[in-house]
Amino acid sequence: MSEASELPKYLTPLPDFVQLSSRIWRILGLNPGLFTLQGTNCYLVGSGDRLILIDCGEGGIPEYIPLLQQSLQKISSNAYISDLLITHCHTDHWGGVKDVLGMDNCINVHKFPTVPTAFDGGRFEKIFPSDVKLLPLHDGQLIKIDESTTLRAIHAPGHSSDDCSFWLEEEQALFAGDCVLGYGTTSFDDVSTYINSLEQLKALDPKVLYPGHGPVVEDAIGKIQEYIDLRVQRENEILQVILSDPSTPWTAYKVTESLWKDKRPAQDIRDIHLRGIALHLKKLGEDGKLRKLDSVDSTLEERVVLNPWSKPEVIKSVWIYTGESNSKL
1 MSEASELPKY LTPLPDFVQL SSRIWRILGL NPGLFTLQGT NCYLVGSGDR
51 LILIDCGEGG IPEYIPLLQQ SLQKISSNAY ISDLLITHCH TDHWGGVKDV
101 LGMDNCINVH KFPTVPTAFD GGRFEKIFPS DVKLLPLHDG QLIKIDESTT
151 LRAIHAPGHS SDDCSFWLEE EQALFAGDCV LGYGTTSFDD VSTYINSLEQ
201 LKALDPKVLY PGHGPVVEDA IGKIQEYIDL RVQRENEILQ VILSDPSTPW
251 TAYKVTESLW KDKRPAQDIR DIHLRGIALH LKKLGEDGKL RKLDSVDSTL
301 EERVVLNPWS KPEVIKSVWI YTGESNSKL
């Protein structure tokens, strides 16, 4: 196992395979890391021999398919996967699709359509195997696995434009993909869209939440509210920084540096940290509290390595405080 794929020391190991309820089993994707935590959570769902697999790991890990096959045998000698549901376009959730289809090429693969104009969606369109047929999911679609197991697809964008959660009606359980994790926070593409999705998932009143990474969340409502509160708190923190000198132009780097003052050295600032702050600044602009200037942070790349995923055009934006607001937060 490479250093990059080791389990971070602050995380508690999870079993490779475990039964979580009478209808749910979790198989780890065997890809632990800084962003994947203990690994991608892949779930087998059903109360009979026919099972649906939610997500299939990142692929290229030799031990994953034997683990999946052994897990099926532990569930039932006749257990099989009829369908694969992909929560969203990030590779660690679908990269194993060819490996899974190698077990049985009759498995149907489903996913909510991407937005090709979005960076993640455009990349997905380029790298997803062209010989794998994708059946499009739609918001509210019911997936009847057996007489006592029904999943409902819920389009919950924000982490990505195509993010889809799955509601297990019989257990009031939510498979949340990367919209909510079992540990820490997650990235997002748009703050307002993301908060709206969190509110939508909260309104379901789930009893338990099964995340795309990390342990099961028993206090589902509490965790979702924690995520909502964190976004509100971060916006307020950013505004306080800006109000400390409201007449000066602000950038994501300058705000982050001020927020981290006395906490972390500036050299620790990375594009992933700037991305979230920049998207909050963009939302404040949409709310009328900030106005985007024509200039850009031209020296940023001398201080931070920017990747296309990090939305460099947003991170480089320069903003000025206006004092106006139509925010609903």
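Under UniProt numbering, think of the first position of the sequence shown as 1, with each following residue one higher. Using N, Cα and C, we set each Cβ at its ideal position, and we do this for glycine too. Here the structure is a predicted model, which is why all the values come from computation and not from measurement.
Within the same chain, show all residues whose beta-carbon is closer than 7 Å to that of residue i, passing over the 5 residues directly before and after it, in chain order.
{"i": "K223", "result": "V180, L209 and V217"}
{"i": "R234", "result": "H280"}
{"i": "L329", "result": "Annotation note: pLDDT 49 at L329 (below 50); position unreliable, coordinate value reported separately. V232 and E235."}
{"i": "G214", "result": "L37, Q38, L181, G182 and Y183"}
{"i": "L7", "result": "P13, P32 and Q38"}
{"i": "D139", "result": "A153, I154 and H155"}
{"i": "S47", "result": "S22, R23, D146, S148 and T149"}
Taking the beta carbon of residue i as the centre, do at least 16 other beta carbons fall within 10 Å, making it buried, or is it exposed?
{"i": "E313", "result": "exposed"}
{"i": "L142", "result": "exposed"}
{"i": "P13", "result": "exposed"}
{"i": "N236", "result": "exposed"}
{"i": "E3", "result": "Only weak support exists for where E3 lies, its pLDDT of 37 falling under 50; the coordinates are left without a value."}
{"i": "residue 370", "result": "Residue 370 is absent from the model: the chain starts at 1 and stops at 329."}
{"i": "T186", "result": "buried"}
{"i": "C106", "result": "exposed"}
{"i": "L284", "result": "buried"}
{"i": "L239", "result": "buried"}
Leaving out five residues on either side along the sequence, give the residues of the same chain with a beta carbon under 8 Å from the beta carbon of residue i.
{"i": "S244", "result": "S258"}
{"i": "D16", "result": "I27, L28, L30 and L67"}
{"i": "K98", "result": "G59, P129 and V132"}
{"i": "K202", "result": "I221, I224, Q225 and I228"}
{"i": "V241", "result": "W250, V255, S258 and L259"}
I need the boundaries of the beta strand (DSSP E) containing residue i, first residue and last residue.
{"i": "Q70", "result": "Element bounds for Q70: not the beta strand (DSSP E) but the alpha helix (DSSP H), Y64 to I75."}
{"i": "residue 383", "result": "Outside the displayed span of the chain (1 to 329) sits residue 383, for which this structure offers no information."}
{"i": "W25", "result": "I24 to L28"}
{"i": "D268", "result": "Per DSSP, D268 belongs to no beta strand (DSSP E) and is neither H nor E."}
{"i": "A176", "result": "A173 to G177"}
The alpha helix (DSSP H) that contains residue i, what's its start and end?
{"i": "V18", "result": "Note, V18: premise wrong, no alpha helix (DSSP H); beta strand (DSSP E) at F17 to Q19."}
{"i": "V191", "result": "V191 to A203"}
{"i": "L259", "result": "A252 to L259"}
Kindly list the residues whose CB is nearer than 6 Å to the CB of residue i, restricted to its own chain and excluding five residues on each side of it in sequence; keep chain order.
{"i": "P116", "result": "G122 and E125"}
- Length at least 3, wholly inside the stretch 271-329: the beta strand (DSSP E) runs in chain order: 290-296 and 317-321
- Could you name each continuous beta strand (DSSP E) segment of 3 residues or more that falls completely within the stretch 206-244, going from the start of the chain to the end? 208-211
- Scan the stretch 109-167 and note each continuous beta strand (DSSP E) run of 3 residues or more that stays entirely inside, going in chain order. 134-136, 142-146 and 149-155
- Specify whether the stretch 198-207 and the stretch 244-253 touch according to this definition: at least 3 beta carbon pairs, one from each stretch, less than 8 Å apart. no
- Message: Any contact between the stretch 261-272 and the stretch 285-298? By contact I mean 3 or more CB pairs, one from each, below 8 Å.
- Response: no
- Message: For the structure I just gave you, are there three or more beta carbon pairs, one from the stretch 125-144 and one from the stretch 84-94, closer than 8 Å?
- Response: yes
- Item | At least 3 beta-carbon pairs within less than 8 Å: the stretch 163-179 vs the stretch 60-78 | no
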